[in-house]
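Structure, as structure tokens:
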Amino acid sequence: MGKCKLCNKESIIISQKIGYCVNCLRKNFEEIKEAIKEIHKNLRESFSLPEEVPNFEEGRKCGQCVNDCKILENSYGYCGLIKNERGIKRNEDFGYLDYYYDPLPTNCVASFACNAPKGYYNLAVFFRHCTFNCLYCQNWHFKLAPKNRYSISEMLEKINSRVFCVCYFGGDPTPNIYYIINLSEKILEKQKCRICFETNGSVNLQIFKKIVDIALKSDGIIKVDLKAFSPEVHYTLTGSSNKNTLKNIEYASQFFNKRKEPPLLVVSVLLVPGYVDKCEIEEIVKFLSKLNWEIPISFLAYYPMFYLNDLPKTSKTHAEIAKKIALDYGLKIVNIGNIHLLSNDYFIDF
Numbered sequence: 635m636g637k638c639k640l641c642n643k644e645s646i647i648i649s650q651k652i653g654y655c656v657n658c659l660r661k662n663f664e665e666i667k668e669a670i671k672e673i674h675k676n677l678r679e680s681f682s683l684p685e686e687v688p689n690f691e692e693g694r695k696c697g698q699c700v701n702d703c704k705i706l707e708n709s710y711g712y713c714g715l716i717k718n719e720r721g722i723k724r725n726e727d728f729g730y731l732d733y734y735y736d737p738l739p740t741n742c743v744a745s746f747a748c749n750a751p752k753g754y755y756n757l758a759v760f761f762r763h764c765t766f767n768c769l770y771c772q773n774w775h776f777k778l779a780p781k782n783r784y785s786i787s788e789m790l791e792k793i794n795s796r797v798f799c800v801c802y803f804g805g806d807p808t809p810n811i812y813y814i815i816n817l818s819e820k821i822l823e824k825q826k827c828r829i830c831f832e833t834n835g836s837v838n839l840q841i842f843k844k845i846v847d848i849a850l851k852s853d854g855i856i857k858v859d860l861k862a863f864s865p866e867v868h869y870t871l872t873g874s875s876n877k878n879t880l881k882n883i884e885y886a887s888q889f890f891n892k893r894k895e896p897p898l899l900v901v902s903v904l905l906v907p908g909y910v911d912k913c914e915i916e917e918i919v920k921f922l923s924k925l926n927w928e929i930p931i932s933f934l935a936y937y938p939m940f941y942l943n944d945l946p947k948t949s950k951t952h953a954e955i956a957k958k959i960a961l962d963y964g965l966k967i968v969n970i971g972n973i974h975l976l977s978n979d980y981f982i983d984f
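Okay, so the sequence shown: first residue is 635 according to this note's numbering, each after it adds one.
Structural data, given as structure tokens:
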């Protein structure tokens with residue numbers, strides 16, 4: 635049971651770790667922003683990551699993602715990968731990653747909307763850096779593990795006739811995106827292969843346009859995880875802005891009708907109890923419905939993890955309401971993922 639420090643409301647779906655309810659976050663964010671920033675700074679310090687987005691006047695501008703870091707000489711950007719070393723050093727020829735072969739069909743976020751054939755493999759490529767600082771990160775161990783470095787030629791060797799698709803995820807692909815673009819082009823020169831991206835959508839729009847080109851050329855899917863709609867809730871949960879994510883979803887939607895199967899774009903939303911509430915859900919589906927009713931959306935059940943481990947699992951009524959709101963706004967393809975995690979720990983009134 636958590637208690638909001640501002641309004642004194644108590645609830646099982648208020649995180650004591652965050653210290654504030656979702657309504658106070660949206661209405662009084664300027665008053666509590668420093669407290670939220672401190673949470674993120676302390677968490678990142680424990681992993682020896684830059685505590686906040688570097689924004690030094692004398693620093694070199696990165697511009698690769700929404701954080702728009704201005705990095706001092708011999709220092710790193712927020713992602714912990716990109717460095718100012720007599721200029722911004724970007725990884726174009728190698729990436730920090732792990733990989734494995736995943737038999738199709740996989741438990742991919744977009745599996746409900748994907749027509750990948752059985753009997754082949756997905757080459758899952760997990761990148762070990764991220765542009766966000768999600769308090770509930772499901773893959774937070776990447777911050778600790780040794781970071782294996784692979785060249786483009788080394789990864790090309792992993793592509794064979796049994797690989798139907800490649801999926802870049804993490805962490806997030808964004809810090810390694812130049813390497814990914816180069817690798818993808820080489821893969822497509824080697825063989826026909828579906829190339830997919832699972833991302834928080836924080837990458838710069840000009841770079842995202844190249845991602846869309848690759849997905850269109852290869853019949854790949856861009857899976858964008860939209861953490862929240864309101865800037866206040868999004869910052870609280872991730873430590874970053876969602877402005878690039880929204881712009882990139884909007885851009886990709888312009889090409890959505892270029893093909894029916896598989897869909898170019900799939901949006902996923904993690905139903906964080908108490909924070910991704912009816913208001914957040916409604917704003918998200920309203921946004922998507924104005925772009926294209928056919929954009930598939932998947933509401934994912936939350937499991938308490940990492941720093942934000944004092945909330946319950948997503949309740950069945952929370953998921954049911956999310957689906958109802960999406961359908962009421964006219965979205966045609968609505969999925970509930972991780973249904974085995976759904977609980978009866980709290981109830982949301984219809």
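Ideal Cβ positions, reconstructed from N, Cα and C, are used throughout, including at glycine. Note that the coordinates shown come from a computational prediction; the quantities given were computed from them, not determined experimentally.
Give the single residue among I918, D859 and V858 whose Cα lies nearest to the Cα of D962. I918
Please go through the same chain and pick out, in chain order, the residues whose beta-carbon is closer than 8 Å to the beta-carbon of G697, but skip the five residues on each side of it. N838
Can you find at least 3 beta carbon pairs, one from the region 852-862 and one from the region 887-902, that sit closer than 8 Å? Verdict: yes, contact present.
By Cβ distance below 7 Å, which residues in the same chain neighbour N662 in space, the five residues on each side in sequence not counted? L640
Using the rule of at least 16 other Cβ atoms within 10 Å of the residue's Cβ for burial, across every protein chain shown, is S795 buried or exposed? If you draw a 10 Å sphere on the C-beta of S795, you find fewer than 16 other C-beta atoms in it, and that means exposed.
Measuring only the C-alpha atoms, how far is E719 from Y869? 29 Å
Apply the 10 Å Cβ neighbour rule to S779 and answer buried if 16 or more other Cβ atoms are within range, or exposed otherwise. For clarity, residue 779 is Ala in the given sequence; the question names Ser instead. Under this definition A779 is an exposed residue.
The alpha helix (DSSP H) enclosing D847, as first and last residue numbers: L839 to S852
Mapping the DSSP letters down to three states, classify M635 as helix, strand or coil. coil
Quick one: grab the DSSP three-state call for Y812. helix
Have a look at Y941 and Y730 and give me their C-alpha separation to the nearest angstrom. 24 Å
For the region 761-779 against the region 805-812, are there 3 or more C-beta pairs whose distance is under 8 Å? yes
Residue environment, Y654, which counts as buried when at least 16 other CB atoms sit within 10 Å: buried
Could you tell me the distance, in whole angstroms, from the CA atom of I829 to the CA atom of E644? 46 Å
Per DSSP, F728 forms a beta bridge with which residues? S785
Hey, E692 and L706: beta-carbon distance below 8 Å or not? yes
Buried or exposed (CB count within 10 angstroms, at least 16 for buried), R783: exposed
Looking at the ligand GDP, does it come within less than 7 Å of S745, judged from the CB to the closest heavy atom? Ligands in the displayed structure: none, and consequently the ligand GDP is not present.
For A935 versus L871, is the C-beta spacing smaller than 8 Å? L871 is positioned such that its CB atom lies no closer than 8 Å to that of A935.
Between C703 and S836, which are expected to be in contact by the criterion C-beta below 8 Å, what is the C-beta distance as a whole number of angstroms? Not really, about 12 Å apart at Cβ, beyond 8 Å.
Between the region 956-973 and the region 919-926, can you find at least three pairs of beta-carbon atoms closer than 8 Å? Segments in contact, yes.
Residue burial classification, H775 (beta-carbon count within 10 angstroms, cutoff 16): exposed
Which whole-angstrom value is the C-beta distance of L738 and A750, which I expect to be below 8 Å? 5 Å
Alpha carbon to alpha carbon, how far is N725 from Q888? 30 Å
May I ask you to list the residues that DSSP assigns as paired with N718? S709 and I722
Less than 8 Å separating the beta-carbons of Y770 and V867? A distance of 8 Å or more separates the beta carbons of Y770 and V867.
Kindly provide the ranges of any alpha helix (DSSP H) runs that are 4 or more residues long and lie completely inside the region 868-907, ordered along the chain. Counting only runs of 4 or more, we get 877-887.
In the DSSP assignment, find the beta strand (DSSP E) that holds L1043 and state where it starts and stops. No information on residue 1043 is available, as it lies outside the stretch 635 to 984 that the chain covers here.
Does the distance from the CB of K957 to the CB of I970 come in under 8 Å? yes
Pull up the DSSP beta-bridge partners for E832, would you. K857
Around the Cβ of G804, are there at least 16 other Cβ atoms within 10 angstroms (buried) or fewer (exposed)? buried
Which of the three DSSP states is assigned to K920 in this structure? helix
Residue burial classification, I973 (beta-carbon count within 10 angstroms, cutoff 16): exposed
From which residue to which residue does the alpha helix (DSSP H) around L677 run? F663 to E679
Of the residues H952, K792, K892 and L945, which one's Cα is nearest the Cα of I929? K892
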